[in-house]
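Listed in order, the protein sequences are those of chains A and B.
At position 51 of the first sequence (counting the first as 1) the number is 1296 in the numbering used here, and the numbers step up by one without a gap.
At position 181 of the second sequence (counting the first as 1) the number is 1426 in the numbering used here, and the numbers step up by one without a gap.
There are 2 protein chains.
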Amino acid sequence: MMTALQAFEEKKRFVHLKELLRSANHIQKIKKGTFLFQEGMVANELYLILSGKIQMSKMSQDGKEMCFRICSAGEIIGELTLFTNDPKYLLNAKVMEDGEVAVIKKDYLEEQLLLNPTLTFEYMQWLSNHARRTQTKFRDLILLGKKGALYSTLIRMCNSYGIRLKDGSILIDLPLKNQDLANFCGTTRESVNRMLNALKQEGILSIHKGKITIHDLDYLKREVQCENCPVEICRIE
Amino acid sequence: MMTALQAFEEKKRFVHLKELLRSANHIQKIKKGTFLFQEGMVANELYLILSGKIQMSKMSQDGKEMCFRICSAGEIIGELTLFTNDPKYLLNAKVMEDGEVAVIKKDYLEEQLLLNPTLTFEYMQWLSNHARRTQTKFRDLILLGKKGALYSTLIRMCNSYGIRLKDGSILIDLPLKNQDLANFCGTTRESVNRMLNALKQEGILSIHKGKITIHDLDYLKREVQCENCPVEICRIE
DNA sequence: TGTTAGATGTGATACATATCACACACGGTT
DNA sequence: AACCGTGTGTGATATGTATCACATCTAACA
Chain A
1246 MMTALQAFEE KKRFVHLKEL LRSANHIQKI KKGTFLFQEG MVANELYLIL
1296 SGKIQMSKMS QDGKEMCFRI CSAGEIIGEL TLFTNDPKYL LNAKVMEDGE
1346 VAVIKKDYLE EQLLLNPTLT FEYMQWLSNH ARRTQTKFRD LILLGKKGAL
1396 YSTLIRMCNS YGIRLKDGSI LIDLPLKNQD LANFCGTTRE SVNRMLNALK
1446 QEGILSIHKG KITIHDLDYL KREVQCENCP VEICRIE
Chain B
1246 MMTALQAFEE KKRFVHLKEL LRSANHIQKI KKGTFLFQEG MVANELYLIL
1296 SGKIQMSKMS QDGKEMCFRI CSAGEIIGEL TLFTNDPKYL LNAKVMEDGE
1346 VAVIKKDYLE EQLLLNPTLT FEYMQWLSNH ARRTQTKFRD LILLGKKGAL
1396 YSTLIRMCNS YGIRLKDGSI LIDLPLKNQD LANFCGTTRE SVNRMLNALK
1446 QEGILSIHKG KITIHDLDYL KREVQCENCP VEICRIE
């Protein structure tokens, strides 16, 4: 029986659920540029990413894109369609990098989730944390202005996708275009470009091969008056 | 008598959970202007509101306030502290109107939730819907600009707190100051004031005794290119 | 090697929004 | 009635941000 709350580590999270998914109905290849699903489509399936990268985003009517997360191996997508009575995907799942996903039927997963307390616990824990992350993230995006939104996004990217280098810098291990960043923080490509260049000038970060390395994370944190909330909360996702 | 738009789900949602909460540890009076809890405080308890109104918000370091929801009788607050290993409240619960809350221990509730599949189901359903609501709401706040943010907020307020009048108008049954609205949509009191006055000029809405009545909801929807997502999603909360 | 498509960089400009500094309105005191 | 405190209304101005229109770079590839 689940009593004590386990340490929150990406690696350990959702282990039982992932195990279940691995025994999935079937495997599906995904190709860059295609959509695994799009918002509005009826959702019958969830996916466990085995390899490749998928960007989850939501469009507004006038073509602007709000990017929520970038998922890679080990992550589950389509999860928010569980237990809803309007079973449509809310996000677009665009493939950024070829790979494979394990496919599982939503009905089956809902059944299993309710039958197995361990699964239940893991899923509720994940949902709670998801909601908590979301609150802080959007407060930042809305209240800090566009520059603050970018800085906040970069900080979260460090926590979500960052690799610490020997010199203490943090490599955000994702190929990100200016436009991608703009979609994450609700601004324009041009604005992102100018802000990134300013940060480059100051030596706060550098960019090689489309990947950003943050040299002075503290500078960014100071600028947004970061309250150093726990790393499991201060994330892109 | 008027038909509350929100009746459809709010009343039915969470029934078993609410029943559980009603058999709570004890009852606590709440007084206007005080905080039931504040962000950062260790969370041992959840609350079911029996009467009164509570505003849930989050502050940024520089004093700006992001308002998430206004809760009244029948709603549960503090729920996102369940199943996390960093058991701190993430929001401030400010009492807007005197009342009473039922108090329940978090530990006990977690236990009960896992033991009773019906409760489990209700809670997961609520969490999923919460996450879905949040995604659409913040996309709007971030991508639509401040005017769009206000319009979107007004539309959601209609769905969450609206009462349909005989002439088809919708009364948002909450006393809202300009500053409150500003906190909901991430702008300033002055901007809200100007935008509301413009809408008054056009006859889109009117204000009496601090409560807003929307006469032409479709105008607002058109302006934000509303995609008419389901009412259980397009809400303040 | 030249061509191309996609990405980045940048000035000029327009527009949106915040900020500041008050005046005004209103309901509840004393 | 005069006096608060709190909320609203509004002009002037500053700042932030998007938009447009290109130039430039880069990697892929024919």
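For each residue, glycine too, the CB sits at the ideal point set by N, CA and C.
Beta-carbon contacts of residue i that lie in its chain and below 6 Å, excluding the five residues immediately before and after
i                      : result
residue 1413 (chain B) : none
residue 1423 (chain A) : 1434, 1437 and 1438
residue 1285 (chain A) : 1333
residue 1482 (chain B) : 1314
Cα-Cα separation, residue i to residue j
i                      : j                      : result
residue 1313 (chain B) : residue 1480 (chain B) : 11 Å
residue 1263 (chain B) : residue 1411 (chain B) : 32 Å
residue 1438 (chain A) : residue 1463 (chain B) : 38 Å
residue 1398 (chain B) : residue 1364 (chain A) : 36 Å
residue 1401 (chain B) : residue 1272 (chain A) : 40 Å
residue 1277 (chain A) : residue 1470 (chain A) : 38 Å
residue 1408 (chain B) : residue 1467 (chain B) : 21 Å
residue 1332 (chain A) : residue 1429 (chain B) : 28 Å
residue 1270 (chain A) : residue 1318 (chain A) : 18 Å
residue 1304 (chain B) : residue 1377 (chain A) : 14 Å
residue 1306 (chain B) : residue 1390 (chain A) : 14 Å
residue 1455 (chain B) : residue 1421 (chain B) : 6 Å
residue 1387 (chain A) : residue 1441 (chain B) : 20 Å
residue 1457 (chain A) : residue 1382 (chain B) : 30 Å
residue 1448 (chain B) : residue 1406 (chain B) : 21 Å
residue 1311 (chain B) : residue 1290 (chain B) : 23 Å
residue 1425 (chain A) : residue 1419 (chain A) : 11 Å
residue 1338 (chain B) : residue 1453 (chain B) : 27 Å
Beta-carbon neighbours of residue i, restricted to chain A and to distances below 7 Å
i                      : result
residue 1472 (chain B) : 1306
residue 1311 (chain B) : 1384, 1387 and 1388
Chain-ordered chain B contacts of residue i [CB-CB under 8 Å]
i                      : result
residue 1365 (chain A) : 1359, 1365 and 1369
residue 1362 (chain A) : 1359
residue 1398 (chain A) : Residues of chain B passing the Cβ test: none, with the nearest at roughly 11 Å.
Within chain B, partners of residue i - CB distance below 9 Å
i                      : result
residue 1420 (chain A) : None at all; the shortest Cβ gap to chain B is about 23 Å.
residue 1380 (chain A) : 1303, 1311, 1313, 1325, 1335, 1336 and 1379
Nearest neighbour of residue i, chosen from the options [CA to CA]
i                      : options                           : result
residue 1308 (chain A) : A:1366, A:1433, A:1454 and A:1442 : A:1433
residue 1268 (chain B) : B:1357, B:1403, B:1375 and B:1454 : B:1357
residue 1344 (chain A) : A:1337, A:1293 and A:1378         : A:1293
residue 1350 (chain A) : A:1427, A:1431, A:1379 and A:1288 : A:1288
residue 1393 (chain A) : A:1458, A:1465, A:1416 and A:1405 : A:1465
residue 1323 (chain A) : A:1347, A:1311 and A:1341         : A:1347
residue 1280 (chain A) : A:1299, A:1335, A:1315 and A:1295 : A:1299
residue 1320 (chain B) : B:1259, B:1425 and B:1446         : B:1259
residue 1380 (chain A) : A:1478, A:1265, A:1274 and A:1275 : A:1478
residue 1297 (chain A) : A:1290, A:1291, A:1315 and A:1311 : A:1315
residue 1396 (chain B) : B:1444, B:1370, B:1295 and B:1330 : B:1444
residue 1283 (chain A) : A:1330, A:1302 and A:1426         : A:1302
Proximal chain B residues relative to residue i, where beta-carbon distance stays under 7 Å
i                      : result
residue 1374 (chain A) : 1329
residue 1431 (chain A) : 1387 and 1388
residue 1395 (chain A) : Within 7 Å Cβ-Cβ: nothing; residue 1395 (chain A) doesn't reach chain B, min ~13 Å.
residue 1475 (chain A) : 1331
Same chain only: Cβ atoms within 8 Å of residue i, ignoring 5 sequence neighbours per side
i                      : result
residue 1261 (chain A) : 1361, 1363, 1364 and 1367
residue 1295 (chain B) : 1272, 1318, 1344, 1345, 1346 and 1347
Same chain, Cβ closer than 7 Å to residue i, neighbours up to 5 away in sequence not counted
i                      : result
residue 1355 (chain A) : 1327 and 1328
residue 1403 (chain A) : 1415, 1417, 1459 and 1462
residue 1336 (chain B) : 1284, 1301, 1302, 1303 and 1313
- Task: Please list the segments of the beta strand (DSSP E) lying wholly inside the segment 1324 to 1374 of chain B, counting only runs of 3 or more residues, in order along the chain.
- Result: 1337 to 1350
- Message: Suppose only complete runs of 4+ residues qualify. What are the alpha helix (DSSP H) ranges in the segment 1419 to 1458 of chain B, listed by chain order?
- Response: 1423 to 1430 and 1434 to 1446
- Can you check the segment 1371 to 1419 of chain B for any beta strand (DSSP E) of at least 3 residues that lies completely inside it and give the ranges in chain order? 1407 to 1409 and 1415 to 1417
- Task: Quick one: which unbroken alpha helix (DSSP H) runs of 4-plus residues sit fully inside the segment 1250 to 1322 of chain A? Chain order, please.
- Result: 1260 to 1267
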